[in-house]
Every structure is written in C-alpha cells, then in structure tokens.
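In our numbering, the protein residues as written are 226 to 638.
Okay, here's the thing in structure tokens:
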C-alpha cells in the first residue's frame, strides 16, 4: 500500500468511532413498561423457558443468529504471529462481512492461549452464547487439532474458514475452469504449491469431488512431498507420493493445474511454459501472487488464471462462502458443517457463475458485459443472488444428511 492508502486505512478504523463494529438493541426500551420486559421482572420468563428446554434459547435470545469469530492471532493474514490483540482489526473485519453479506451478528473473540488445549477449553466454555463458531487465523498444525476437538465437543457448527472456506471457493472456480479448458477433475494433474491448512483442506475437498489422489503433487518449503521424506506431518503424509520428482520445476512439467497458496514470485515463466496445453493457474498469494498476473498471461495465451486480488479477473475470495454457509447452517440449526454442505456450496457457486449476470453486478464493477468464460469462472462478491442461492443449497444438504434441528425455512423452498 502507498503511504496515502496506509493513512486512509488507519483513519477508516479510527474515525468517527474506533473500530468497525458495534452493538445495537433490537427491541424498544424507552418506557418503564418496556424496561420491565427487557430486564426484571420480564426477563425471568424466557429464563424459565430455556431452563426447561435449552432449545428455547433459539426462540428467545440472539443465539441463533450469533457467530463467534475466534482467533489466537498466530497466523494473521500475511503478517504471521502478531498475537491476539493485534489480530482484532481482522476479526472485526470478518464480523463486518458476516453482517454485510448475510445479516449474521458476530462477537469477535481474541484469545491468549498457551496451548491448543487452553484454546479449546476457552471456546467450549463460552460456546453456549453462540449459534456457530468461525475459527480464524490460527497457525497449523494447531488449527487442525483445535477444529477437530471443537467439532467433537460442541453441538453447533465449527468452521475454520482458512481451511474450508478457501477450499470451497477454489473448488468452485476450478470445476468451471476445467470445464472451459475441456478437462476433467478426475484426469487433471494438479500441483499444489503450499502445504498448510488451506492447501491440504483444498486438496481433500477436490478428492471428495472426484480428483485422483495419484495426480496430486503437494509442494512445501523443502520441495515435493514424497514418500521417502521422514519430516512430514500427518496432513502431509496423507498426500505423500512415490515419485522421482523433487522440485516445483519437476512437478510443473506437463501439469494441468497449479494451485498456489504459498508466497509471491515462486513460479517462473519457464515453469509455466512447461505445463500442459490449456493450463489453469490459481496464484492465490495475496497481495503478490506466485507468478505476476501480466507475466503469466503474456507467457501463455491459452491460460485461465485466478488470483486473490480484486483488481484482476477471477478473484478467489472467501466472502463468497463463509457468510452464506453459516446462514444456511444457522437457519436449519445444523449441528455441524459437513462435507455434503461444503460440496453443496461448491456446486451452487459453480452453477451461479454460468447464469446471466444481472445489471446490478455490472454496475457495481463498472462493467459493460460479463459472462461465463476464462475471465469469469466464479461469481463476484457483490452478486445479490448469492444470498438466495448458497444458503438454501447448504440448508438442504444439512436436512438431507439429518444434521438439522429445524425445518427448511419457507423462503428457501
């Protein structure tokens, strides 16, 4: 960012009121009668109802539309381990997106925790307040342990967006890119540059959608994740392959797809040239992708490319996923967000990109035209159809897999 933009960002967060979120009351409280209903003695009645039936909390409190965005600040954006307090602007930002795109209320919670166990126990102890838990910016491998344990111990949806949100948007875009390039997920040779939480979750979701595990090559800081290495985590061991390939350059040769979730400028033009005909590159390091956008397009004119940036075509943006996934899960009171719900979101996003684009989207992005093709493989974040499409698909999947405690709302039918 330029110095001018840095100053603008600080001013945006500081004025006229510090921070980006607040709390508004939803019931009138301007008379003595209203006060007696809002607090004593009136408040005793919903307390008694909830004591008799805990599910009544969804009727008489904000629990059913309240999500906790929780972090320990160990992996914040590209800034690393900045700590819990410094992560608060990002968590408030996440709260803004939940509210703006899906009308979900959020408490952002930043936890100082000495261990995964401390973090988990803290979340479990405060979980009765919430209808869902969104984990954010937690470093691997602790993020895997934390999410797994919380899913076991809680009866509300727990979702690590850095893993599954990223995976869902990648998968939706990739399905469409493969279709446009005349390729199939089952046959595509996929190189994943990066082996952290987002990378492994993305590859696992692609497997569930039909990718061939033998066709996936994972790359970490030491090169290809292969079966002769003795330094692999459990997550990396799952993707280790028996191969003579050792470097990214080796893996890129004749590959159909590159998914980059690592760092800037790691891919050269020569590597891109060595890929198969009609390659697909998702260079998602942000703000600087694994290969510069203009370099990639000038190197291969048969390329479909996506990045994490809003100023290029095909932005892979998690805001296309998490607000709507939680909206659907909350509306049917799902116990968890399972694979079927994630796949439903993938397919709904993929299909939405193929439909005619409404004028409101063109106006929002100052475009004259936009249609399904190499420069439009995934919906735009300000597409008003997202709220009507993704939550309903997710909610239906929850009901179909018998993890919903409430029926499908009428407006989803």
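Just so you know, even glycine gets a beta-carbon here, dropped at the ideal spot from N, CA and C.
These figures come from a predicted structure and were not determined experimentally.
- Close CB contacts of residue 513 within its chain, under the 7 Å cut and outside five residues either way in sequence, are with 489 and 490 (chain order).
- Take residue 520, set aside five residues on each side of it, and the residues of its chain with a beta-carbon closer than 7 Å to its own are 494, in chain order.
- The beta carbons of residue 308 and residue 602 sit no closer together than 7 Å.
- With respect to residue 418, residue 340 sits apart: the two C-beta atoms are not nearer than 7 Å.
- By the neighbour-count criterion, in which 16 or more other beta carbons inside 10 Å mark a residue as buried, residue 552 falls on the buried side.
- For residue 470, the secondary structure class from DSSP, reduced to helix, strand or coil, is coil.
- Within the segment 508-593, the complete beta strand (DSSP E) runs of at least 3 residues fall at 529-532.
- Collapsing the DSSP output to three states places residue 254 in coil.
- In the DSSP assignment, residue 294 falls within the unbroken beta strand (DSSP E) covering 291-296.
- Taking a 10 Å sphere around the C-beta of residue 523, we find fewer than 16 other C-beta atoms and assign the residue as exposed.
- Between the segment 383-402 and the segment 565-579 there are three or more inter-stretch CB-CB distances shorter than 8 Å, so the stretches are counted as touching.
- Setting aside the 5 residues that flank it on each side, residue 260 is surrounded in the same chain by 254, each with a C-beta closer than 7 Å to its C-beta; the list follows chain order.
- Under the three-state reduction of DSSP output, residue 310 falls in the helix class.
- The residue from 569, 235 and 460 with its alpha-carbon nearest to that of residue 396 is 569.
- DSSP places residue 355 outside both helix and strand once states are collapsed to three, so it counts as coil.
- In this model, residue 502 and residue 481 are separated by some 8 Å (Cα to Cα).
- Distance from the CA atom of residue 540 to the CA atom of residue 351, rounded to whole angstroms, is 35 Å.
- Each residue's CA atom was taken as its position, placing residue 510 and residue 302 some 10 Å apart.
- With contact defined as three or more Cβ pairs closer than 8 Å, the segment 405-419 and the segment 382-393 are not in contact.
- Within the DSSP secondary-structure output, residue 482 pairs in a beta bridge with 415 and 505.
- Exclusion of the five residues before and after residue 288 leaves 282 and 356 as the residues of its chain whose Cβ lies within less than 6 Å of its Cβ.
- Between the segment 524-532 and the segment 550-564 there are fewer than three inter-stretch CB-CB distances shorter than 8 Å, so the stretches are not counted as touching.
- DSSP places residue 361 in the coil class of the three-state scheme, outside both helix and strand.
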